[in-house]
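To start, the structure itself, in structure tokens.
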């Protein structure tokens, strides 16, 4: 009879700690609390997988179509009205760029007071 040996192996998996450099002790990421780790590249430390709809070397920018309501919070969707706005980007306070004949922070109202529809603003009678 042949005996079979069973060996238990312990696998050590290392996870980075929030705000620390993944591969080097002592270095600290500057990711504004929006990424778990960073990597070193030719320009220094680069935050990886920014959260909260942020991007940039230090997760300091909002992705297109988002804005910072407060610096310590996630970026918020602009939610520009597709019929009345000139596209997704809004300013730093969430105001959208309206097409002619539209108004409001989200370009969701007709300047002439008419109801807005999917095709635009109807002329007032």
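Numbering (mature numbering (1 follows the signal peptide of the UniProt record, and there is no 0)), first residue to last: -19 to -1, 1 to 106. Note that the Cβ used here is the ideal one computed from N, Cα and C, for glycine as well.
When DSSP labels each residue in this structure, what does residue 73 get in the three-state scheme?
coil
Buried/exposed call for residue 105, threshold 16 Cβ in 10 Å:
exposed
With distances taken from CA atoms, which of 82, 80, 93 and 65 is nearest residue 99?
65
Quick one: what's residue 98 bridged to in DSSP?
101
Straight-line gap, residue 49 to residue 56 (C-alpha atoms, nearest Å):
5 Å
With a floor of 3 residues, list each beta strand (DSSP E) that falls wholly inside the segment 18 to 69, ordered by position along the chain.
18 to 22, 25 to 29, 47 to 49 and 56 to 58
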